[in-house]
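The structure appears right after this line, and notes come after that.
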Amino acid sequence: PAPSLESDGVYTLKVADSYPVGHPFAEAGAGVLMERARELSGGRLRFDYFPAEQMGHAADLPSLIRSGVVDLGSVAPAYVPAELPLSGVADLPGLVEDSCTGSVAVARLMSEGGVLWQEDFQPKNLRPLVVGMIPDYEVLTGSRPVHTPQDLRGLQLRSSGGTIDRAVEGFGAAPVGMPATEMYEAISRGTVDGTVLGPVSAAPYHLEEVTRYATLGARLGSFTMTYSINEAAWEVLPEDLRDALRRAGQEATRSLCAALQEGNAEGRQTLRDAGVRIQRIDEAQREAWNRATAPIHEQWTANMADIGRPGAAALRDLKDELRRVERENHDDD
Amino acid sequence: MSVLVVLVVMLLLLLIRVPVGFAIAIAGTFGLYLDGGLSVVVGVLQSAPAAAVSSYSLSPIPLFILMAQFVVASGVMDDLFRATQVWVGRIRGGAGIAATGAGAMFAAVSGSSTAAAATLAHTSTTKMIDAGYSTRISTGLVAVVGTLAAMVPPSIILVFYAILAEQSVGKVLVAGFLPGALVTLALIATLMVLIKVNPSAAPPGQRHAWRDKLRSLTSAGPVLALFALVTGTVYFGVATPTEAAALGAVGGFALLVARKRATWAASKHAITETISSSVMILMIILGAHILGYFITSTRVTPTVVDWVASLDVAPIVIIVFLALCYVLLGFFLDQIAILALTVPVVLPLVTELGYDPIWFGVLIVLLAEIGLVSPPLGLNVFVVARTAGRPAAEVFWGALPFVLAVVAVAALFIAFPEIVLWIPDTMTAE
Amino acid sequence: MTTTDAPRRTRPETATARAGSRVLRAASAVERAAFAVAAGALVTMTLLMVVEIAMRYFIASPIGWNFGFIQDYLLPGYFFLALAYTVRTGAHVTIDVVYQRCPAPVRAAMTVIARVLMLGLSALLLWAGLLTTHDAWSSRDIPPPGGAELSIPTWTWHVLVPVGAALLTVRLVCDLAARRDVRRDDEKGDDA
Ligand code: NA
Ligand code: NA
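Structural data, given as structure tokens:
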């Protein structure tokens, strides 16, 4: 049944996400989306916002959006690899260095006609409006420094699931699943050797207190998320409001990537200030990391083929789109 | 307004004897229906059941229960009581101290207060009465000693609090250690005072030879080893709390084997009991999950928090008020249900006031446990009364002085929060 | 007072009641079987964790899939498969202060209302669970191989909810039906 969103010409959408207030996703993503949509619609779009997993855990949000409990919310493929498997392509290692390039490219693949839209989002009745991406996953370790891809062999690393697990495994380390809240203690007590994540995520868990080494530029993968709307709710909206929402989404994608770039930089600084030894990967070493990455891409493509998904096409499309966006950015300069 | 209606409905459901977990779930479903109609009800029920139950962090709950079941089946409790008695036997009231000490040790391997009271009633109460103790003291003391199990790690209710409050399960668990020790001492002190006032309440003790004392240690050994295995591995980070719970369950079974009690029937009984209690707990959690959607969508939490925060009173006044509320709730409601229903609403307020969430968890668990030994719904009291064959009213009166001791300890925690946080804080240091 | 819900045992007296009692026995047998599987899930969970610790410490090679398997299969499996059984054996805490002060007919009415409401919830859970399972089935949701999760279609764990709800629904219907047909003697603990 079509949701009843409208009252006196004003449409109110229930929005939910899994990020704490103040997190870049919530502030520069959902915040900007809602604020701009309100402005662009002349107040005819309103939002009832439930941040910080108030409405459900990250992995449950896609189904809560689908079933209409909320209309719009955060959807991250890494949390629901079984539901949005192909979108994991965006999280593969070695592809994206800059959040703005990455998220704009991925947003295109996730919009109407794009491969991720057709394969993942459309069948689930989800329509991505904002795409956010934390690029540059690094290894943070407690006692064992990582300089080269070989140093990862045999390490046990807390991993957040999805494509990142695959990357960790591909580098010869063992991904260990555990709740994010247990990560701090697990590293400090040596239950695991470390973790892989974007520098922006290290500070909220105070990982700078328990890690001694971090890589810089390892590009172990990314974390991609979207704010997606339930297709049924989208269809209820009049054309001009859809347009407002679409434009607000694009602006939010831009503001979010800028905030994430800054967040990653701040995160690195926090690590440095806390005395964490940063191992910079320079151009010479880059080659070794790229060599280690290639088989992971192949393995991922093969795994997608196993479940009947066009992994090779998605990877090719993403690489093409990344090049195109880079060219466009270059032309703009 | 609709929140009030739903809470009244829940109360009515409880009174017509709908099981607690189901009452909460039905009230929540009703609220969702009022709020968004059938489509929202079905939408929430599509994800809530699996989401509520399939959380890895919940797995310590059945595993801690299983460990305690194995320990009980091993019969080690009788030996523990005897061992403690041999050590403190010379003092008047020695058996009472022994019961408290054995209870504290059992608390170190049992996570559930009522289960502990049941076990202790079997092993300690009847022996105290036989030894010439007043029935009031023997039953009342043991009912309160049972609540130690919820404080001394491992504690099921503290695990549950940690999940609700999104705190480290390990830290919250370990935080219960010192408070548990303090409550133990407070109970012993109260016992000594009672005996001083009325010496006829307890028989004189008897002396035991050192040889007996040393020999008695062998029975405490396995229990202390099990405690070290569980709490030690969590404290030193050898394993996550979940894994420590699994180690504990296997360790409990090993104890059963070592004491040659590992029969098929005993194991089956332990597992059946474990599933029964943990399914009941999980059903309450599932119900609270459904109700949680309704509470969230009404935005009652931020409204209450804003309102209380706007009051012009000292934070300590609000904390004391909350503490009284928890004692009151404990009189009428199940402890897991109290936490599930209140923590999401109250914790944001408490942290807003600048208090530590781990400290708050230990405090409210201590306070809510008072409900287990106070009328009208004192589950521990009923369990002890039934085992000892004494009237419940007598046990309630007997428990009263010990309850006051627990209240005094709670007041101490409010005055000096650092007591609670001292040990968990040592876990963060590098 | 707080007690646990007391179990019911029926005494068949008529031909229809005999047929009914066969249904009840069959339902109980299925419940017991589901409960046995739940017990297996609990034991498996315990052992899996111990093996995980051992693998991590002694050969530095954690299992990996245990986290997802416990979360998706073992925890929901043991809860939903045991739910109906625990309702029958009265493992769920109830509050009896008012109940115990009521005359027998009022008590009977309370019990019927309570069971009907629980039945309503159970039926909704069944319906919602079937929808979710159907969604997962028809869109062929499956974790890609090579990840931390085992690559098994997700309907295989989604289905645990409707299976548990179906068992519970049958149990509650049986309870209500038995109450109507047959005189009841006051109950003793059911064995398992
Ligand atoms: Na305990
Ligand atoms: Na009470």
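Residue numbers (the numbering used here), protein chains in the order written: chain Z, 1 to 333; chain B, 1 to 430; chain X, 1 to 192.
Positions of the beta carbon are idealized from the N, C-alpha and C atoms, including for glycine.
- Taking CB atoms only, residue 277 of chain B has a neighbour in chain X less than 8 angstroms away.
- For residue 119 of chain X, the secondary structure class from DSSP, reduced to helix, strand or coil, is helix.
- Between the region 109-125 of chain B and the region 161-169 of chain B there are fewer than three inter-stretch CB-CB distances shorter than 8 angstroms, so the stretches are not counted as touching.
- Looking only at X:133, X:62, X:122, the smallest Cα-Cα distance to residue 166 of chain X is reached by X:122.
- Looking at the backbone, the Cα of residue 147 of chain X and that of residue 166 of chain Z are separated by about 5 angstroms.
- The beta carbon of residue 55 of chain B is closer than 8 angstroms to those of 163 in its chain, skipping five residues each way along the sequence.
- Among the residues facing chain Z, residue 170 of chain B is included, as its CB has a counterpart in that chain under 8 angstroms away.
- With fewer than 16 other CB atoms across the displayed protein chains lying within 10 angstroms of its CB, residue 4 of chain Z is exposed.
- The shortest C-alpha to C-alpha distance from residue 191 of chain B to any of B:173, B:153, B:93 is the one to B:93.
- Residue 95 of chain X carries a strand assignment under DSSP once its states are collapsed to helix, strand and coil.
- In the structure shown, residue 313 of chain B falls within a coil segment according to DSSP collapsed to helix, strand and coil.
- For residue 127 of chain X, the closest Cβ of chain B is nearer than 8 angstroms.
- Think of a sphere of 9 angstroms around the beta carbon of residue 427 of chain B: the chain Z residues whose beta carbon falls inside it are 185, 188, 189, in chain order.
- Less than 8 angstroms divides the Cβ of residue 143 of chain X from the Cβ of residue 82 of chain Z.
- Under the Cβ distance rule, residue 10 of chain B does not count among the residues neighbouring chain X, no pair being separated by less than 8 angstroms.
- One thing to note: residue 231 of chain Z has its Cβ within 8 angstroms of the Cβ of residue 127 of chain Z.
- The beta carbon of residue 237 of chain B sits closer than 8 angstroms to some beta carbon of chain Z.
- Residues of chain X whose Cβ lies closer than 9 angstroms to the Cβ of residue 174 of chain Z are, in chain order, 56, 60, 61, 62, 64.
- Among the CB atoms of chain Z, one or more fall inside 8 angstroms of the CB of residue 154 of chain X.
- For residue 152 of chain B, the shortest C-beta to heavy atom distance toward ligand 1 is below 7 angstroms.
- For residue 68 of chain X, the shortest C-beta to heavy atom distance toward ligand 1 is 7 angstroms or greater.
- If you draw a 10 Å sphere on the C-beta of residue 206 of chain B, you find fewer than 16 other C-beta atoms in it, and that means exposed.
- Remark: the shortest separation between the CB of residue 111 of chain B and any heavy atom of ligand 1 falls under 7 angstroms.
- Taking C-alpha positions only, residue 76 of chain X is separated from residue 170 of chain X by approximately 19 angstroms.
- Within the region 42-54 of chain Z, the residues whose Cβ lies closer than 9 angstroms to any Cβ of chain B are, in chain order, 48, 50, 53, 54.
- Look at residue 276 of chain Z: its C-beta is not under 8 angstroms from any C-beta on chain B.
- Classified as buried, residue 159 of chain Z has 16 or more neighbouring CB atoms from the shown chains inside 10 Å of its CB.
- Proximity of the beta carbon of residue 277 of chain B to ligand 1 is not indicated: no heavy atom of the ligand is located closer than 7 angstroms.
- From the listed residues B:355, B:368, B:313, B:320, the smallest Cα separation to residue 340 of chain B is found for B:368.
- Partner residues in a beta bridge of residue 135 of chain B, as assigned by DSSP, do not exist.
- For residue 156 of chain B, not one C-beta of chain X is nearer than 8 angstroms to its own C-beta.
- For residue 210 of chain B, the number of other beta carbons within 10 angstroms of its own is below 16, and it is reported as exposed.
- Between residue 168 of chain Z and residue 131 of chain Z the beta-carbon gap is near 24 angstroms, outside 8 angstroms, which marks them as no contact.
- Under the three-pair Cβ rule at 8 angstroms, the region 41-53 of chain B does not count as touching the region 257-270 of chain B.
- For the 8 angstroms CB-CB criterion, residue 323 of chain Z and residue 236 of chain B do not form a contact.
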